[in-house]
Ligand code: TYD
Ligand code: MG
């Protein structure tokens, strides 16, 4: 038998090298290379011509497709929504998130909810013993649910067990980093192990029709293979996010072969588990009593759902010659620099001698460019100490030229604002405004917007 080949695989990007090195030349990550034994495979072409020996692939007609099997609805509406309307039988879903954020809690609640609907659910944990999961279930008030629990880490044992009974509707693997395949010598959690185990479980999902949910930890230092390598393999990727210190958790869909992405489900972590939050706008508008400068309500859209959220800015003058700080929570730092630069270049507002702090209330992360105008409004309001008014929402995208561009879902944003009692909206000039009951002020460019905020016009 040929000697097993050793290679060094980057745990961050999956590239492999013949020698160890401190930095991965492919992705630039440091200390991310781990020794792995290459699987012994004979190249296909060395043995035979490509046209001989293969089995015939069954080709079917696209037009002749049958109706897909119905989705599995758990009844936890925020969970079903993030999945694009429930679980698809035979699909593989990856749920990523920091340790301790609540992935196991969420999946146990979802598993119990499905079991209550008379679906068979198997929950395999590689991290906790069955007794520990039972304790959690008691705490969540789910001890009567007919979920089959297993505590295992060997892929061979798991697949053997599953193949001895009819396939479940849903299979939870918590987490993929703890599962190992005994064909490989690398430790559980390495790229090779994670990839092989996931492949095998996805194959099981497709063959049996079970919906497989894989939990994946994300670590900052890249010691354990992040679920990045898995993202290409699975049908849907959800991230469970939240700020430490906040009780709110957001289940965000970043890839979905069966539905829209950017859809979010909102939960609150309470002492009896995760509670659905069906009206997130009310939640992200922190207790606002009177209008203060630097606080602006952004009318955003997450997936298909409007979400109103408060943007807070603080601008403080510094006297020392040091570079002033810019700190941002919940938004992109690069985009903040851009908004500051445009305010300076197009409207003559100087932030150079000021520290700037920006915060999105409630622990939400916003990635929509439509927030530009709300951020600009918060910054201008903080700099000039002019409150924007209590009853006002803002949205719009900004160009480097200082032009304000219309954004999608205008009518939806305005409708939500009116529903929550807002009376005014500062928006881009746009054709489809809907017919919500709010007074509109429309702007073409940033300087007229700033003039109107500061009362120059
Ligand atoms: P867990 O689901 O174990 O996180 P993960 O699987 O993502 O690592 O959640 C752990 C945290 O959730 C822990 O810090 C305690 C908290 N928690 C509650 O606040 N309430 C609850 O009812 C439960 C079960 C957990
Ligand atoms: Mg867990």
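In our numbering, the protein residues as written are 683 to 1139.
Backbone N, C-alpha and C define an ideal beta-carbon position, used for all residues, glycine too.
On a predicted model such as this, the values are computed, not experimentally measured, just so you know.
Beta-bridge pairing of residue i - partner residues as DSSP gives them
i: residue 692; result: 715
i: residue 755; result: Bridge partners of residue 755: none, in fact.
i: residue 1068; result: Partner(s): none; residue 1068 has no beta bridge.
i: residue 1122; result: 1107
i: residue 1091; result: In the DSSP output, where bridge partners are listed per residue, residue 1091 has none listed.
i: residue 836; result: 862
i: residue 957; result: 950
i: residue 830; result: 804
i: residue 745; result: Paired residue(s): none; residue 745 is not in a bridge.
i: residue 740; result: Per DSSP, none; premise fails for residue 740.
i: residue 699; result: 690
i: residue 938; result: 918
i: residue 987; result: 984
i: residue 1036; result: 999
i: residue 1086; result: 1080
i: residue 705; result: 712
i: residue 1041; result: 994 and 1011
i: residue 930; result: 950
i: residue 923; result: 932
Proximity test, residue i beta-carbon vs ligand 2 heavy atom, cut-off 7 Å
i: residue 701; result: no
i: residue 809; result: yes
i: residue 786; result: yes
i: residue 813; result: no
i: residue 856; result: yes
Supposed close pair residue i, residue j - CB separation, criterion 8 Å
i: residue 963; j: residue 1098; result: 6 Å
i: residue 779; j: residue 900; result: 7 Å
i: residue 1007; j: residue 1037; result: 5 Å
i: residue 990; j: residue 1075; result: 7 Å
i: residue 1041; j: residue 997; result: Between residue 997 and residue 1041 the Cβ distance is about 13 Å, and since that is not below 8 Å, they are no contact.
i: residue 1135; j: residue 1068; result: 7 Å
i: residue 790; j: residue 818; result: 6 Å
i: residue 1118; j: residue 1096; result: 4 Å
i: residue 887; j: residue 772; result: 6 Å
i: residue 1015; j: residue 985; result: Not really, about 24 Å apart at Cβ, beyond 8 Å.
i: residue 1009; j: residue 1071; result: 26 Å between Cβ atoms; not a contact.
i: residue 823; j: residue 931; result: The Cβ separation is near 19 Å, so there is no contact.
i: residue 1052; j: residue 982; result: 7 Å
i: residue 776; j: residue 912; result: 5 Å
i: residue 992; j: residue 929; result: Not a contact, Cβ separation roughly 17 Å.
i: residue 1065; j: residue 1092; result: With 8 Å as the limit, residue 1065 and residue 1092 do not qualify as a contact, their Cβ atoms being about 27 Å apart.
Check: residue i C-beta below 7 Å from any heavy atom of ligand 1
i: residue 1045; result: no
i: residue 822; result: yes
i: residue 779; result: yes
i: residue 888; result: no
i: residue 783; result: yes
i: residue 1143; result: Because the chain spans 683 through 1139 in this model, residue 1143 falls outside it and cannot be assessed.
i: residue 934; result: no
i: residue 931; result: no
i: residue 926; result: no
i: residue 818; result: yes
Short CB-CB distance (under 8 Å) between residue i and chain B
i: residue 1090; result: The chain inventory of the structure shown lacks chain B, comprising one protein chain alone.
* To do: Run through the segment 1002-1029 for me and flag every whole alpha helix (DSSP H) of 4 or more residues, listed as ranges in chain order.
  => Counting only runs of 4 or more, we get 1015-1029.
* Starting from the N-terminal side, write out each stretch of the beta strand (DSSP E) that is 3 residues or longer and does not extend beyond the segment 776-817. => Runs of the beta strand (DSSP E) lying entirely within the segment 776-817, each at least 3 residues long, are 803-807 in chain order.
* the segment 948-966 / the segment 923-938 touching (three or more Cβ pairs under 8 Å) -> Three or more Cβ pairs closer than 8 Å define a contact, and the segment 948-966 meets that threshold against the segment 923-938.
* Check whether the segment 1103-1112 touches the segment 1084-1092, counting contact only when three or more Cβ pairs, one atom from each stretch, lie closer than 8 Å. => Yes, they touch.
* To do: Ignoring anything shorter than 3 residues or poking outside the segment 838-911, list the beta strand (DSSP E) runs there in chain order.
  => Counting whole runs of 3 or more residues, the segment 838-911 contains the beta strand (DSSP E) stretches 852-856 and 893-899.
* Give a yes or no on contact between the segment 794-812 and the segment 851-863, applying the rule of three or more CB pairs nearer than 8 Å. => Because the criterion of three Cβ pairs below 8 Å is met, the segment 794-812 and the segment 851-863 touch.
* Please confirm if the segment 1056-1064 is in contact with the segment 1017-1032, defined as three or more CB-CB distances below 8 Å between the two stretches. => Yes: the two stretches touch, three or more of their Cβ pairs being nearer than 8 Å.
* To do: Taking 8 Å as the threshold, find out whether the segment 802-811 comes into contact with the segment 755-772 through three or more Cβ pairs.
  => Contact fails: fewer than three Cβ-Cβ distances are below 8 Å.
* Okay, do the segment 858-866 and the segment 830-842 touch, 3+ Cβ pairs below 8 Å being the bar? -> Result yes; three or more Cβ-Cβ pairs closer than 8 Å.
* Asked: Does the pairing of the segment 874-881 with the segment 735-746 give three or more beta-carbon distances under 8 Å?
  -> As far as the Cβ criterion goes, the segment 874-881 does not touch the segment 735-746, which means the pair count is below three.
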